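Engineer: Note that the protein sequences, when read in sequence, are chains A and B. Residue numbering for the first sequence follows numbering that gives the first Met the number 0, beginning at 0 and increasing consecutively. Residue numbering for the second sequence follows numbering that gives the first Met the number 0, beginning at 0 and increasing consecutively. All C-beta atoms, glycine included, are put in the ideal place defined by N, C-alpha and C. Being a predicted model, the structure only gives us computed values, none of them experimental. I have a structure here, written as structure tokens, and I will follow up with some questions on it.
2 protein chains.
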Amino acid sequence: MKKHNFSAGPCVLPQSVLQQASQAVLNFNNLDLSLIEISHRSTDFVAVMEKARSLALELLGLQNKGYQALFLQGGASTQFLAVAYNLLEKKAAYLNTGTWSNKAIKEAKLFGELIEVASSKDHNFNYIPKNYSIPEKVDYFHCTSNNTIFGTQIKEFPSTNNVLVCDMSSDIFSRQLDFSKFDLIYAGAQKNMGPAGTTLVVVKEEILGKVSRDIPSMLDYRVHIGKDSMFNTPAVFPVYVSMLTLQWLKDMGGIPEIEKVNNKKAEILYNEIDRNPLFEGFVSNKEDRSAMNATFNLTNNTLQKTFDNLWKEAGINGLNGHRSVGGYRASMYNALPLESVQVLVDVMQELEKKA
Amino acid sequence: MKKHNFSAGPCVLPQSVLQQASQAVLNFNNLDLSLIEISHRSTDFVAVMEKARSLALELLGLQNKGYQALFLQGGASTQFLAVAYNLLEKKAAYLNTGTWSNKAIKEAKLFGELIEVASSKDHNFNYIPKNYSIPEKVDYFHCTSNNTIFGTQIKEFPSTNNVLVCDMSSDIFSRQLDFSKFDLIYAGAQKNMGPAGTTLVVVKEEILGKVSRDIPSMLDYRVHIGKDSMFNTPAVFPVYVSMLTLQWLKDMGGIPEIEKVNNKKAEILYNEIDRNPLFEGFVSNKEDRSAMNATFNLTNNTLQKTFDNLWKEAGINGLNGHRSVGGYRASMYNALPLESVQVLVDVMQELEKKA
């Protein structure tokens, strides 16, 4: 029996995608060769890469708008550095909403002056700062759209005339946004897009080429664009599985349709957290709650063992909170079925009856 | 019917490894979860990473000798840059044996003065330079052990008191060497080790921490060592398949045993290239011929179509030479069965009978 997988990432993927991926490892496209044994320059794999790139732009509504999609290696952690290498000439502004913003700031500091426009560190990042001002004429403004660890999510992005850069690792393809407001979006694949090992970078070409420093080839977006995301051997399997997952999303109606499901899942779970006296949410402002990662605690910690046994018996996986927050975290990425959330809510209600 | 896969990389992998990998994508370790859906911090995946790291050191004979093994993202192309970032304070010496050495030199030049101790560019890299001298007191000496594109391989490594760095992407784990002579070895997985998407770095810890520049976290070997190769989410599937492939190699007797098979394969093919009047080898000095990649041409180009049809009919894949050399290239990595080489030799003899 398949588990109800609430893992924060790497995380649940569509079952049909897993089946196709498993088959491709044995025999890809009836070539009598494994996907992972063929040249990345072969017609069959080039088609995979091109389809992945084009699906990413199509789903975000960014086709023919001056954007390029790249599937690179190194995770969002490498993008913390690459963004600064490519865009930071003098100073940049960052919004600090948690661990990942913090890491992005730390890496970018090596390349120029950073202005932290606001931070929610004062309350262990349990809210999204608002009403901050972004200095005019910085090289770019950087934010993190969703904070996996703390369970917060930016609902309204600031208006700015600066270049807008966003780490969307944990909520890309989950909700409708005007993605054309962003100049650079990056996202590790291992939440809504595929397995760990590839990172999507969507960049508006016109913002590139403006810094004076030399950029090493592997960190230079223009080098990767010039080689159609194949400057060096890409992570073949992760890119293939990402392509399958993006196709799965397109087939079900794209972002507008998955957003409805995601909102429904979040509504069911947060309603139970608010209703059930045994639980409390971690995030202080309800409007900042993430639809991807719900963080919550028991109001009575003596029930911990009972609750842990209950959800494990129900076939639930990956519900422990991150060590820096504690408690529980239910990650409800695109591929998590609605019924898994219902199973979790049932367990929460069962605990209430037992307590 | 499975193809005879002479692809230069990504390339043939052991069939038993592909079967295990395919199964793990559906259900890993009987967890009722896919390998690519579980947390990289889970006990099951941490065990995979630790086993991969320890197998790499064990097979190279480098356990308990001050070395660390890391599985990083970004390919050897990222190591061109990371090596310089971590080791190049003033100047380094490079041996130029082809495309990959060239690229390594290009990236390192951003970080200090480079001395090219010798180059075989004068004859399109069809030999390995010898009798060059390495300046004393450079930060390190860098060489490429095997040149996939040109089909040359270093058989005798120079003696040097400098730090010795080697890109072994295309022949690591294929032959016995005193690996303890090297201070840093790196290798993209997609030849003898696994699928594209992970890169092995084996580094002697004592050489690190000696440059004065700030190193971004993702490029800092000490950061990755400090986090047991899990500073950020690793490329889960490529690391897993690499671990399986290293285990396969250990089970068959390790490098001493695979070297015998590799030498036999190379001997059979090169003997035919030398014997058959329709073929000639690309590499000028026979002692420089690679046991991994045999590059050769037809002596009569009008036979090209006939030959191409013959090998394709025999179920051979990936025999076309790289565009910068032309002709043919038979890559005979660890997982290529001896019988595949025999099939190729049969085809070459069939062409001779027809011509």
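Between the C-alpha atoms of residue 47 of chain B and residue 55 of chain B, what's the straight-line distance to the nearest angstrom?
Structural biologist: Taking the second sequence and counting its residues from 1, the one referred to as residue 47 of chain B is at position 48. Taking the second sequence and counting its residues from 1, the one referred to as residue 55 of chain B is at position 56. Going by the C-alpha atoms only, they are around 12 Å apart.
Engineer: Starting from residue 163 of chain B and walking both ways along the beta strand (DSSP E), at which residues does that stretch end?
Structural biologist: Stepping through the second sequence from its first residue, residue 163 of chain B is reached at position 164. 163-166 is the span of the beta strand (DSSP E), which, as asked, contains residue 163 of chain B.
Engineer: Taking Cβ-Cβ distances shorter than 9 Å, what residues in chain B pair up with residue 31 of chain A?
Structural biologist: As a first step, residue 31 of chain A is located in the first sequence; it is residue number 32 there, counting from the start. The answer, in chain order, is 0, 1, 2, 314, 316.
Engineer: Give me the residue from A:283, A:327, A:315 with the minimum Cα distance to residue 119 of chain A.
Structural biologist: Working through the first sequence from its first residue, we reach residue 119 of chain A at position 120. The candidate whose alpha carbon is nearest that of residue 119 of chain A is A:283.
Engineer: For residue 354 of chain A, collect the residues of the same chain with a Cβ closer than 8 Å to its Cβ; drop the 5 residues on either side in sequence, then sort them by chain order.
Structural biologist: Counting from 1 along the first sequence, the entry for residue 354 of chain A is found at position 355. 277, 299, 302, 305.
Engineer: So for residue 172 of chain A, helix, strand or coil by DSSP?
Structural biologist: The count along the first sequence starts at 1 and reaches residue 172 of chain A at position 173. Reduced to three states, the DSSP call for residue 172 of chain A is coil.
Engineer: Kindly provide the ranges of any beta strand (DSSP E) runs that are 3 or more residues long and lie completely inside the stretch 164-248 of chain B, ordered along the chain.
Structural biologist: List check, beta strand (DSSP E) in window: 183-187, 198-203.
Engineer: Would you identify the three-state DSSP class for residue 103 of chain A, choosing helix, strand or coil?
Structural biologist: Numbered from 1 along the first sequence, position 104 holds the residue referred to as residue 103 of chain A. Residue state, collapsed to three classes: helix.
Engineer: From which residue to which residue does the beta strand (DSSP E) around residue 95 of chain A run?
Structural biologist: The sequence position of residue 95 of chain A within the first sequence is 96, counting from 1. 90-95 is the extent of the beta strand (DSSP E) around residue 95 of chain A.
Engineer: Distance check for residue 223 of chain A and residue 72 of chain A, CA to CA, integer angstroms please.
Structural biologist: For the purposes of this step, residue 72 of chain A is taken as the residue at position 73 of the first sequence. For the purposes of this step, residue 223 of chain A is taken as the residue at position 224 of the first sequence. Near 11 Å, if we compare the C-alpha coordinates of residue 223 of chain A and residue 72 of chain A.
Engineer: Quick check on residue 222 of chain A - is its C-beta less than 7 Å from some C-beta in chain B?
Structural biologist: On the first sequence, position 223 is the one that residue 222 of chain A refers to. No, its Cβ sits nowhere closer than 7 Å to a Cβ of chain B.
Engineer: Cutting at 6 Å between CB atoms, please list the residues of its own chain near residue 147 of chain A, excluding the five before and the five after it.
Structural biologist: Along the first sequence, one-based indexing puts residue 147 of chain A at 148. Counting only Cβ-Cβ distances below 6 Å, and skipping sequence neighbours, we find 7, 169, 292.
Engineer: Under 8 Å, CB to CB, which of the residues in the stretch 226-238 of chain B have a partner in chain A?
Structural biologist: Cβ contacts with chain A come from 230, 231, 232, 233, 234, 235, 236, 237.
Engineer: Would the beta-carbon of residue 35 of chain B fall within 7 Å of that of residue 295 of chain B?
Structural biologist: Sequence index remark: in the second sequence, residue 35 of chain B carries index 36 (1-based). Sequence index remark: in the second sequence, residue 295 of chain B carries index 296 (1-based). Not a contact, by the Cβ cut-off of 7 Å.
Engineer: Starting from residue 114 of chain B and walking both ways along the beta strand (DSSP E), at which residues does that stretch end?
Structural biologist: For the purposes of this step, residue 114 of chain B is taken as the residue at position 115 of the second sequence. Segment 112-118, the beta strand (DSSP E) holding residue 114 of chain B.
Engineer: Alpha carbon to alpha carbon, how far is residue 204 of chain A from residue 270 of chain A?
Structural biologist: In the first sequence, the residue the question calls residue 204 of chain A occupies position 205. In the first sequence, the residue the question calls residue 270 of chain A occupies position 271. Near 43 Å, if we compare the C-alpha coordinates of residue 270 of chain A and residue 204 of chain A.
Engineer: How about residue 140 of chain A and residue 160 of chain A: are their beta carbons less than 7 Å apart?
Structural biologist: Taking the first sequence and counting its residues from 1, the one referred to as residue 140 of chain A is at position 141. Taking the first sequence and counting its residues from 1, the one referred to as residue 160 of chain A is at position 161. Against a cut-off of 7 Å, the Cβ pair of residue 160 of chain A and residue 140 of chain A comes out as no contact.
Engineer: From what residue to what residue does the alpha helix (DSSP H) around residue 305 of chain A run?
Structural biologist: For the purposes of this step, residue 305 of chain A is taken as the residue at position 306 of the first sequence. Where residue 305 of chain A is concerned, the enclosing alpha helix (DSSP H) stretches over 303-312.
Engineer: Are the CB atoms of residue 90 of chain A and residue 137 of chain A nearer to each other than 7 Å?
Structural biologist: Taking the first residue of the first sequence as position 1, residue 90 of chain A is located at position 91. Taking the first residue of the first sequence as position 1, residue 137 of chain A is located at position 138. Their beta carbons are under 7 Å apart, which means residue 90 of chain A touches residue 137 of chain A by this criterion.
Engineer: Rank A:52, A:1, A:41 by C-alpha distance to the C-alpha of residue 243 of chain A and give the top, closest one.
Structural biologist: In the first sequence, residue 243 of chain A corresponds to position 244, counting from 1. Residue 243 of chain A has its Cα closest to that of A:52, out of A:52, A:1, A:41.
Engineer: With distance defined between alpha-carbon atoms, name the residue in B:191, B:346, B:115, B:261 nearest to residue 275 of chain B.
Structural biologist: Along the second sequence, one-based indexing puts residue 275 of chain B at 276. The residue with the shortest Cα to Cα distance from residue 275 of chain B is B:346.
Engineer: Just verifying my parser: in three-state terms, what is the DSSP assignment at residue 7 of chain A?
Structural biologist: Residue mapping note: residue 7 of chain A aligns to position 8 of the first sequence, counting from 1. Correct three-state label for residue 7 of chain A: coil.
Engineer: Please report how far the alpha carbon of residue 97 of chain B lies from the alpha carbon of residue 241 of chain A, in whole angstroms.
Structural biologist: As a working note, residue 97 of chain B is residue 98 in the second sequence. As a working note, residue 241 of chain A is residue 242 in the first sequence. Cα to Cα, residue 97 of chain B sits roughly 34 Å from residue 241 of chain A.
Engineer: Could you name the residues of the same chain whose beta carbon sits closer than 6 Å to that of residue 220 of chain B, not counting the 5 residues immediately before and after it, in chain order?
Structural biologist: For the purposes of this step, residue 220 of chain B is taken as residue 221 along the second sequence, with counting starting at 1. 85, 202, 207, listed in sequence order.
Engineer: Whole angstroms is fine: what's the gap from residue 43 of chain A's alpha carbon to residue 342 of chain B's?
Structural biologist: Your numbering for residue 43 of chain A matches position 44 in the first sequence. Your numbering for residue 342 of chain B matches position 343 in the second sequence. If you take the alpha carbons of residue 43 of chain A and residue 342 of chain B, they lie about 25 Å apart.
Engineer: Under 8 Å Cβ to Cβ from residue 58 of chain A, same chain only, skipping five residues before and after it: list those, please.
Structural biologist: Taking the first sequence and counting its residues from 1, one reaches residue 58 of chain A at position 59. For residue 58 of chain A, where only same-chain residues beyond five positions count, the Cβ hits under 8 Å are 172, 245, 248, 249, 253, 254.
Engineer: For a quick check, are the C-beta atoms of residue 232 of chain A and residue 195 of chain B less than 7 Å apart?
Structural biologist: The residue labelled residue 232 of chain A in the question sits at position 233 within the first sequence. The residue labelled residue 195 of chain B in the question sits at position 196 within the second sequence. Yes, the pair counts as a contact, with Cβ atoms nearer than the cut-off.
Engineer: For the beta strand (DSSP E) that contains residue 293 of chain B, what are its first and last residues?
Structural biologist: Here residue 293 of chain B refers to the residue found at position 294 when the second sequence is read from its first residue. Per DSSP, residue 293 of chain B belongs to the beta strand (DSSP E) from 292-297.
Engineer: Could you tell me the distance, in whole angstroms, from the CA atom of residue 156 of chain B to the CA atom of residue 102 of chain B?
Structural biologist: Residue 156 of chain B sits at position 157 when you count from the first residue of the second sequence. Residue 102 of chain B sits at position 103 when you count from the first residue of the second sequence. Straight-line Cα distance between these residues: approximately 20 Å.
Engineer: Do residue 281 of chain B and residue 150 of chain B have their beta-carbon atoms positioned less than 7 Å apart in this structure?
Structural biologist: For the purposes of this step, residue 150 of chain B is taken as the residue at position 151 of the second sequence. For the purposes of this step, residue 281 of chain B is taken as the residue at position 282 of the second sequence. Yes.
Engineer: CA-CA distance, residue 323 of chain B and residue 123 of chain B?
Structural biologist: Taking the first residue of the second sequence as position 1, residue 323 of chain B is located at position 324. Taking the first residue of the second sequence as position 1, residue 123 of chain B is located at position 124. Their Cα atoms are separated by approximately 9 Å.
Engineer: In whole angstroms, what is the alpha-carbon distance linking residue 265 of chain A and residue 188 of chain A?
Structural biologist: Position 266 of the first sequence, counted from the first residue, corresponds to residue 265 of chain A. Position 189 of the first sequence, counted from the first residue, corresponds to residue 188 of chain A. Distance between the alpha carbons of residue 265 of chain A and residue 188 of chain A: 21 Å.
Engineer: Less than 6 Å between C-beta atoms, sequence neighbours within five positions excluded: which residues of the same chain meet that for residue 19 of chain A?
Structural biologist: As a first step, residue 19 of chain A is located in the first sequence; it is residue number 20 there, counting from the start. Hits under 6 Å: 243.
Engineer: Answer yes or no: does any C-beta atom of chain C fall closer than 7 Å to that of residue 194 of chain A?
Structural biologist: No chain C is part of this structure, whose protein chains are labelled A and B.
Engineer: May I ask you to report which of helix, strand or coil DSSP gives residue 70 of chain B?
Structural biologist: Position 71 of the second sequence, counted from the start, is the residue given in the question as residue 70 of chain B. The answer is strand: DSSP assigns residue 70 of chain B an E or B state.
Engineer: Identify the contact partners of residue 355 of chain B in chain A, using a Cβ-Cβ distance below 8 Å as the criterion.
Structural biologist: Look at the range of chain B in this structure, 0 to 354, and you will see that residue 355 of chain B is not part of it.
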